[in-house]
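*Asks:*
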Amino acid sequence: MFAGQLAVIVVGASQAGGLAEVWRKAVNGSRIAGLDLNPDPLQRHTFWTLGVGGVFLMLALYGVNQAQVQRYLSSRTEKEAVMSCYVVFPCQQIVLCLGCLMGLVMFARYGEDSPLDKGYVKTNDQMVLYFVMDVFRNLPGLPGLFVACLFSGALSTISSAFNSLATVTMEDLIKPHFPNMTETKAIFLSKGL
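Using the numbering used here, read the sequence shown as starting at 2 and increasing by one per residue.
(1) Thinking C-beta only, is Leu105 closer than 8 Å to Ala27?
(2) From the DSSP output, in three-state form, read off Tyr63 for me.
(3) Relative to the C-alpha of Leu194, which candidate in Pro177, Thr170, Thr47 has its C-alpha closest?
(4) Using DSSP with H/G/I as helix, E/B as strand and the rest coil, what is Gln127?
(5) Helix, strand or coil, according to DSSP, for Glu184 in the structure here?
(6) So the alpha helix (DSSP H) Leu166 belongs to, where does it begin and stop?
(7) Apart from the five residues on each side of it in sequence, which residues of its chain come closer than 7 Å, Cβ to Cβ, to Leu102?
(8) Could you check whether Gly112 and Gly30 sit closer than 8 Å to each other, using their CB atoms as the reference points?
(9) Let me know the beta strand (DSSP E) ranges lying completely inside the stretch 40-88, each 3 residues or longer, listed in chain order.
(10) In angstroms with no decimal places, state the Cα-to-Cα distance between Glu172 and Val96.
Set out below in structure tokens:
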């Protein structure tokens, strides 16, 4: 996933005139803001709203997310479970930063005149794929590399979700009704789910 994002950022930034030019256009277009300490909870993207919202987001991601909880429970020791957090968290932050940088490169390329406004795409969800096809139009194979990277990340997440769903179904719905089920049958049924 990192490779696809990096390829888009490098090629897109070079076509826009370099990262310094991308940053300049982002600042001039009011896409980059300094630290805003406004305590108004109705103001969007202040230090306080991002801080409080970030705490709840991290609590949802690392505290009650079924895939993450299953990762904790499958660890042999508590130390290993904590280490899994230390490994996952920086990777998620890198993906987030690369996504933000890709958005800045897109803004540098299109400015206020986005493909959505021109009617080239119908929804915001299509913007990144349109951008990838636009940036890599003269580089055959690279759009496919990006889509493969995108799918690898998505399939990994979906796989974790399906595994968690099968585990919850077995533990909470099936085992209470069939307490004498052998471990072999439980594993077979879990894999079937």
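C-beta atoms are modelled at their ideal positions from N, C-alpha and C, and glycine is treated no differently.
*Replies:* Working from what's here:
(1) As a first step, residue 27 is located in the sequence shown; it is residue number 26 there, counting from the start. As a first step, residue 105 is located in the sequence shown; it is residue number 104 there, counting from the start. In contact: Ala27 and Leu105 (Cβ atoms closer than 8 Å).
(2) The sequence position of residue 63 within the sequence shown is 62, counting from 1. Helix.
(3) Against the sequence shown, residue 194 aligns to sequence position 193. Closest by alpha carbon: Thr170.
(4) Locating residue 127 in the sequence shown gives position 126, where the first residue counts as 1. Helix at Gln127.
(5) As a working note, residue 184 is residue 183 in the sequence shown. Note: Glu184 maps to helix in three-state DSSP.
(6) Stepping through the sequence shown from its first residue, residue 166 is reached at position 165. From DSSP, the alpha helix (DSSP H) with Leu166 extends over 143-169.
(7) The count along the sequence shown starts at 1 and reaches residue 102 at position 101. Here the set comprises Ile10.
(8) Along the sequence shown, read from residue 1 onward, the residue named residue 30 stands at position 29. Along the sequence shown, read from residue 1 onward, the residue named residue 112 stands at position 111. Result yes, Cβ atoms of Gly30 and Gly112 sit closer than 8 Å.
(9) none
(10) Residue mapping note: residue 172 aligns to position 171 of the sequence shown, counting from 1. Residue mapping note: residue 96 aligns to position 95 of the sequence shown, counting from 1. Between Glu172 and Val96, the C-alpha separation is close to 33 Å.
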